[in-house]
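J.: So the sequences go chain by chain: Y and E.
If you use numbering that gives the first Met the number 0, the first sequence corresponds to residues 0 to 420, in order.
If you use numbering that gives the first Met the number 0, the second sequence corresponds to residues 0 to 304, in order.
Where a beta carbon is used, it is the ideal one built from N, C-alpha and C, also for glycine.
Predicted, not measured: the structure shown is a model, and the values here were computed from it.
Have a look at this one.
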Amino acid sequence: MTKFLMLAAAVCGLVAQGAAAGTVSISCSALGKEYELCKGGAQAWAQKTGNEVRFVSTPNSATDRLALYLQMMAARSPDVDVFQIDVIWPGLLASHLLDLTPYVRPEVKAQHFQTIVDNDTVDGHLVAMPWFVDAGLLYYRKDLLEKYGVGVPEQWTDLAATAQRIQDAEHKAGNQRLWGFVFQGRAYEGLTVDALEWIASSGGGTIVDGSGKITVNNPPAVAALDLAAGWVGKIAPEGVLAYGEEEARGVFQSGDAVFMRNWPYAWALANAPDSPIRGKIGVAPLPKGGPDGRHVATLGGQQLAVSKYSPHPDLAADLVLYLASAAEQKRRAIEGSFNPTIANLYKDPEILQANPFMGQLDAVFANMVARPAHVTGSKYNRVSVAFFSAVHAILSHRGDAATNLAALEKALNAIGRNGRW
Amino acid sequence: MVGPPRPDRPARRRAGTVWLLLAPMLLALLLVAAWPLLRTLWFSFTDATLFDLSAARYVGLANFALLLADPEWWRSVRNTLVFTAVSVALEIGLGFAIALVLNREFPGRGPLRAAVLIPWAIPTVVSAKMWGWMFHDVYGVVNAILLQLGVIGAPVAWTASPDLAMAALIAVDVWKTTPFAVLLLLAGLQMLPQDYYDAAEVDGASALSKFVRITLPLMKPSLAVAAIFRALDAMRMFDLVYVLTGSNRETMTMAVYARQQLFDFQDFGVGSAASTLLFLVIALVTAIYLTMVRLRLSEHGALAG
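If you want it as structure tokens, here you go:
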């Protein structure tokens with residue numbers, strides 16, 4: 000594989016040499032409208048600056064893409080100058096990425112959400128620029144809440160009570176398929192995201208704290224996970240243990256769930272002309288864990304980074320700054336519903352006209368919590384797998400939260416060499 | 000070849016030509032099979048990571064020790080063996096029954112034989128995704144039918160429930176791979192000499208005794224081959240499990256475990272060791288199986304002789 004990549008890199012190198020001196024290559028994701036938008040933006044930059052841009056296709060699966068990036072970077076390949084990277088990768092890839100600090104004016108950096116800038120800063124180096132952001136949202140059925148005269152739940156216990164009440168009443172009325180709440184319960188990264196929201200909103204921390212200490216085994220976290228385990232089979236179908244984003248959306252969009260936790264992308268699809276629940280849904284911040292808790296949403300999204308092995312880092316950095324600029328983020332928000340990382344854009348009338356729901360999101364984005372990808376660096380995936388496996392066991396009622404989290408703490412200490420990572 | 004071997008010039012030249020003709024194939028095999036295998040073997044003795052493969056250092060048997068001490072790995076071994084044993088037994092049993100039916104003359108046999116092959120022709124990832132939606136607990140067709148028939152009282156979470164997930168995987172594999180067993184066994188059935196049956200007919204043997212005394216013994220080699228083919232395939236099982244239940248520990252096979260180490264954890268050392276052990280386990284099972292089959296076949300041969 001490495002051999003093949005090096006050969007491919009050599010061939011591409013020859014091609015690149017034949018082109019103009021200022022050819023920058025960029026890897027964009029090709030999910031949905033992403034490729035089209037990325038291409039449009041990068042070509043606009045090329046025309047403006049008189050350079051050329053080359054596009055490198057990458058696998059759609061994030062895991063596969065990471066493996067490909069790592070192979071290229073390990074071979075110090077000059078093949079790709081600009082990488083589109085996931086929000087959890089900066090810590091993992093930092094050693095191969097250029098510090099963008101000299102290129103970014105402080106006032107530009109200050110436009111972006113602080114949480115994401117912090118996430119993209121590793122050991123004081125700004126290794127990536129925020130491009131678009133994702134955050135967990137609570138979707139609810141406006142029509143059903145109105146029918147039963149209940150408000151949008153403020154706390155997880157309210158959500159469970161409301162869900163149970165509507166579910167019971169609707170079952171009596173003959174709507175047997177309705178469930179209260181669906182989320183991402185499959186044993187995968189999505190469960191790490193969801194469970195982190197339950198724990199962090201209850202004051203249970205973020206699995207591993209900023210200093211690298213493993214904090215996951217604490218009373219609020221135990222309580223939050225025991226609470227969530229109580230949902231499965233009652234207000235959430237048992238099948239939720241195998242749901243990813245799309246399975247959950249399938250149930251919600253068929254009109255078979257009152258509440259759903261999902262990313263912003265579900266908004267446009269659930270309101271599409273062929274959607275049975277078009278116009279019947281609302282979006283709110285995820286509930287708090289108890290009266291002392293807070294609304295949180297796990298941070299997701301994509302960044303742009305420049306490879307350390309790029310032959311022309313200045314040009315590459317310029318392209319990154321162009322693509323991450325307010326003007327380009329505005330275009331992407333209007334044309335593709337991608338959430339900007341710049342707070343001011345959430346007040347932009349043109350963006351709000353295209354995406355009315357974005358006006359409600361700035362409160363959500365102000366309370367984001369990042370997965371502990373930073374401090375755990377290259378071991379993040381092990382931490383995530385250990386965590387979601389433990390949570391999956393709790394949700395499947397194989398041992399309570401206290402037992403499973405105690406075992407998880409032990410496992411994480413072994414992975415993280417007692418917090419030294 | 001008649002007479003004592005005499006290394007004359009034409010023969011030697013012929014041997015040279017043979018090697019010349021074989022060379023491209025051998026080179027290709029060396030490049031695509033031997034080289035990756037040896038490299039995997041080498042990585043399994045190092046601490047290589049995907050971050051920097053060139054920085055790999057020799058660590059002896061540490062990776063293997065780690066795996067053998069990891070309960071998750073042992074669980075993946077158990078899952079793989081359970082999956083293999085149950086799915087292969089069902090596939091060979093069902094496959095043999097279907098092959099016997101398809102071996103009879105009846106109208107429409109040709110189209111039916113082709114139709115039986117459809118599940119085998121669908122790429123595994125596609126059929127796994129398809130079954131994933133069919134097994135969906137809320138709007139899957141499996142639950143809808145069973146609920147209509149009154150077999151189950153409430154929707155069942157086929158791929159989510161820890162107790163049912165393995166059964167669901169085996170069911171999909173049986174659906175998909177039985178046609179392959181049918182194909183192999185049908186070929187075996189069609190090679191059986193007709194005169195044995197004619198003789199049995201004359202002796203007035205019943206259908207059952209014809210099956211037990213003629214078909215079954217003569218089909219033993221075919222059954223053995225079909226079973227070993229299926230077992231080798233089942234032990235490598237990856238795509239179906241990965242698509243249908245992901246990295247769920249309850250159903251993780253050895254191949255899924257190795258992939259997780261290699262790519263999710265970027266740990267080429269441990270991942271390569273897991274791949275090597277998978278190879279060794281398959282080799283071991285094959286060796287045991289072949290020895291057993293050969294013993295039994297030769298016993299049978301001795302009795303018949």
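Using only the alpha-carbon positions, how far apart do Leu314 (chain Y) and Trp41 (chain E) sit?
T.: Between Leu314 (chain Y) and Trp41 (chain E), the C-alpha separation is close to 40 Å.
J.: Please determine if the stretch 206-220 of chain E and the stretch 180-191 of chain E are in contact, where contact requires at least 3 C-beta pairs separated by less than 8 Å.
T.: Verdict: yes, contact present.
J.: Mind reading off the beta-carbon distance from Gln166 (chain Y) to Ile87 (chain Y)? Whole number of angstroms is fine, and I expect it under 8 Å.
T.: Their Cβ separation, rounded to whole angstroms, is 34 Å, which puts Gln166 (chain Y) and Ile87 (chain Y) out of contact at 8 Å.
J.: Against Arg444 (chain Y), what residues of chain E qualify as contacts under a CB-to-CB distance less than 7 Å, listed in chain order?
T.: As displayed, chain Y neither begins before 0 nor continues past 420, which places residue 444 (chain Y) out of reach and without an answer.
J.: Can you pull the chain E neighbours of Val384 (chain Y), defined as C-beta to C-beta under 9 Å?
T.: Near Val384 (chain Y) (Cβ distances below 9 Å), the residues of chain E are Ser246, Gln259, Asp263, Phe264.
J.: Which full runs of the alpha helix (DSSP H) of 4+ residues lie inside the stretch 159-214 of chain Y, going along the chain?
T.: The qualifying runs are 188-200.
J.: Identify the continuous alpha helix (DSSP H) that holds Trp266 (chain Y) and give its terminal residues.
T.: Here the alpha helix (DSSP H) through Trp266 (chain Y) covers 264-269.
J.: Run through DSSP, which three-state label would Ser56 (chain Y) get?
T.: In the structure shown, Ser56 (chain Y) sits in a strand (DSSP, three-state: E or B).
J.: Roughly how many whole angstroms lie between the Cα atoms of Pro89 (chain Y) and Lys307 (chain Y)?
T.: Computed Cα separation, rounded: 13 Å.
J.: Measure the Cβ-Cβ separation of Val390 (chain Y) and Ala194 (chain Y) and say whether it is below 7 Å.
T.: It is a contact, given that the beta carbons lie within the stated cut-off.
J.: Applying the 10 Å Cβ sphere with the 16-neighbour rule, what's the burial state of Ile280 (chain Y)?
T.: With 16 or more Cβ atoms within 10 Å of its Cβ, Ile280 (chain Y) is classed as buried.
J.: If you pair each beta-carbon of the stretch 168-175 of chain E with each one of the stretch 126-138 of chain E, do three or more pairs fall below 8 Å?
T.: As far as the Cβ criterion goes, the stretch 168-175 of chain E touches the stretch 126-138 of chain E, which means the pair count is three or higher.
J.: Inspect the beta-carbon positions of Ala296 (chain Y) and Met367 (chain Y) and report whether they are closer than 7 Å.
T.: It is a contact, given that the beta carbons lie within the stated cut-off.
J.: Can you look up Gly299 (chain Y) in the DSSP assignment and give me helix, strand or coil?
T.: The answer is strand: DSSP assigns Gly299 (chain Y) an E or B state.
J.: What do you reckon, are the CB atoms on Gly270 (chain E) and Leu283 (chain E) nearer than 7 Å?
T.: No.
J.: Who are the near neighbours of Leu97 (chain Y) in its chain, counting only those whose CB is closer than 6 Å to its CB and skipping five residues on each side?
T.: Here the set comprises Val305, Lys307, Pro312.
J.: At a Cβ threshold of 7 Å, is Ala206 (chain E) touching chain Y?
T.: No - not a single Cβ of chain Y is within 7 Å of the one on Ala206 (chain E).
J.: Which residue or residues does DSSP assign as beta-bridge partners of Asn338 (chain Y)?
T.: DSSP output for Asn338 (chain Y) lists Y:Val132 as bridge partner(s).
J.: List, in order along the chain, the chain E residues whose C-beta lies closer than 7 Å to that of Ala73 (chain Y)?
T.: By Cβ distance, chain E contributes Leu49, Phe50, Asp51, Leu52.
J.: Note down the Cα distance separating Gly149 (chain E) from His95 (chain Y), rounded to an integer number of angstroms.
T.: For Gly149 (chain E) and His95 (chain Y), the distance between alpha carbons rounds to 59 Å.
J.: Would you call the stretch 132-147 of chain Y and the stretch 261-272 of chain Y in contact, with 3 or more CB pairs under 8 Å?
T.: Taking 8 Å as the limit for Cβ pairs, the verdict is that the stretch 261-272 of chain Y does touch the stretch 132-147 of chain Y.
J.: I want to verify the contact list: residues of chain E whose CB lies under 8 Å from the CB of Asp255 (chain Y), in sequence order.
T.: By Cβ distance, chain E contributes Val137, Tyr138.
J.: Take the Cβ of Lys212 (chain Y) as the centre, count every other Cβ of all protein chains shown within 10 Å, and call the residue buried at 16 or more, exposed below.
T.: Classification for Lys212 (chain Y): exposed.
J.: In the DSSP assignment, what are the bridge partners of Thr48 (chain Y)?
T.: Its beta-bridge partners do not exist; DSSP assigns none.
J.: Touch check for the stretch 111-130 of chain Y and the stretch 333-340 of chain Y: three-plus C-beta pairs under 8 Å?
T.: Contact between the stretch 111-130 of chain Y and the stretch 333-340 of chain Y is present, because at least three Cβ pairs lie under 8 Å.
J.: For Ala323 (chain Y), which residues in the same chain have their Cβ closer than 7 Å to its Cβ, ignoring the five residues on either side in sequence?
T.: Here the set comprises Met128, Pro129, Trp130, Leu303.
J.: If we define contact as Cβ-Cβ less than 7 Å, is Ala153 (chain E) a contact residue for chain Y?
T.: It does not: the Cβ of Ala153 (chain E) has no partner Cβ on chain Y nearer than 7 Å.
J.: Measuring CB atoms only, is the stretch 151-171 of chain E touching the stretch 237-245 of chain Y, in the sense that at least three cross pairs come out at less than 8 Å?
T.: Touching, yes, given that three or more Cβ pairs across the two stretches are closer than 8 Å.
J.: Indicate, with yes or no, if the ligand SAM has a heavy atom lying under 6 Å from the CB of Ala96 (chain E).
T.: Looking for the ligand SAM in the displayed structure turns up nothing, as the structure carries no ligands at all.
J.: State the DSSP-derived secondary structure class of Thr120 (chain Y), mapped to helix, strand or coil.
T.: Residue state, collapsed to three classes: strand.
J.: Any contact of the stretch 214-232 of chain Y with the stretch 412-420 of chain Y, i.e. 3+ C-beta pairs under 8 Å?
T.: No, the stretch 214-232 of chain Y is not in contact with the stretch 412-420 of chain Y.
J.: According to DSSP, is Thr48 (chain E) helix, strand or coil?
T.: Thr48 (chain E) falls in the strand class under three-state DSSP.
J.: So, is the C-beta of Thr158 (chain E) closer than 7 Å to a C-beta in chain Y?
T.: At least one chain Y Cβ lies under 7 Å of Thr158 (chain E).
J.: Determine, for Pro161 (chain E), whether the minimum Cβ-Cβ distance to residues of chain Y falls below 7 Å.
T.: Yes - at least one Cβ of chain Y is within 7 Å of the one on Pro161 (chain E).
J.: DSSP three-state call for Ile213 (chain E): helix, strand or coil?
T.: Residue state, collapsed to three classes: helix.
J.: Can you find the residues in the same chain that come closer than 7 Å, C-beta to C-beta, to Gly209 (chain Y), ignoring five residues on each side of it along the sequence?
T.: So the list reads Val374, once near-sequence residues are dropped.
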